[in-house]
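Chemist: Take a look at the following structure, please.
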Amino acid sequence: AQTVTQSQPEMSVQEAETVTLSCTYDTSESDYYLFWYKQPPSRQMILVIRQEAYKQQNATENRFSVNFQKAAKSFSLKISDSQLGDAAMYFCAYRSAKGSYKYIFGTGTRLKVLA
Amino acid sequence: GAGVSQSPSNKVTEKGKDVELRCDPISGHTALYWYRQRLGQGLEFLIYFQGNSAPDKSGLPSDRFSAERTGESVSTLTIQRTQQEDSAVYLCASSLEFGLAGGEQFFGPGTRLTVL
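Protein chains in written order, with the working numbering: chain V, 25 to 139; chain E, 4 to 119.
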């Protein structure tokens, strides 16, 4: 069975600085998708960024980018120029590209942004 | 509305009572997911529906939990004989693509269930 691990329960970053959130996963599959979701205190989950495993190029969305290392099964999220509005829980998630379409979520990392 | 809606937003019930939680997905979304999120925890998959296919119920924790969905519309998650450990936020999500390139899930605001 697939698993997703986020080893950092909490991280802090100064406003305007850069922070990297870690995520590792375990799977025997070769085709899958990886996601980072943000959950602010309002608890509405929002997709931050998505990566297809068959793509070697790392996904980017404005200030958000990932470092996808398929062989190492690592999928970290980098937030540049951190803003107060980035404070939230961040969840890493995995979904197979075949068979079951369940999303497997990590336990989350709480990001605090310091003014 | 354009987003996923859930009702009620909060539900307080007594141990042993049955509860029904409702999810209205985005119109046209073929897939619908239910998750449970305990305080300070990640999302625990419960069940998903895809069109008229048999739902994947593999995440339901016990036979006290059940869910229904009519076609591609509203879904109801029912918890019978509630227990205190059922206290959590129940999140619903829907997506348009399924089996294609990693369809984004759109989440509702959740229902916070408290079992006294």
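Even for Gly, the Cβ is constructed at its ideal location relative to N, Cα and C.
I need the boundaries of the beta strand (DSSP E) containing Gln-63 of chain V, first residue and last residue.
Modeler: 56 to 63
Chemist: Tell me the start and end of each unbroken alpha helix (DSSP H) in the segment 28 to 83 of chain E that is at least 4 residues and wholly inside, in chain order.
Modeler: none
Chemist: Using a Cβ-Cβ distance cut-off of 8 Å, determine whether Gln-87 of chain E contacts chain V.
Modeler: no
Chemist: Once DSSP output is grouped into helix, strand and coil, what is the label at Asp-50 of chain V?
Modeler: strand
Chemist: If the cut is a Cβ gap below 8 Å, which residues of chain E does Tyr-127 of chain V touch?
Modeler: Tyr-36, Leu-46, Phe-48 and Gln-108
Chemist: Listed from N- to C-terminal order along the chain, which residues in the segment 62 to 90 of chain V have their beta-carbon within a distance smaller than 7 Å of any beta-carbon of chain E?
Modeler: Arg-67, Gln-68, Met-69, Leu-71, Arg-74 and Glu-76
Chemist: Consider the C-beta atom of Leu-116 of chain E and the heavy atoms of the ligand GDP; say whether any pair is separated by less than 7 Å.
Modeler: In the structure on display, the ligand GDP does not appear, and there are no ligands present to speak of.
Chemist: What does Val-90 of chain V pair with, by DSSP beta-bridge criteria?
Modeler: In the DSSP assignment, Val-90 of chain V forms a beta bridge with V:Leu-101.
Chemist: Can you confirm whether Asp-59 of chain E, when its beta carbon is compared against all beta carbons of chain V, has any partner nearer than 8 Å?
Modeler: Asp-59 of chain E counts as touching chain V.
Chemist: Please work out which residues of its chain come closer than 6 Å, Cβ to Cβ, to Gly-54 of chain E, disregarding the five sequence neighbours upstream and downstream, and give them in chain order.
Modeler: Thr-33
Chemist: From the DSSP output, read off the bridge partner residues of Thr-84 of chain V.
Modeler: V:Ser-89
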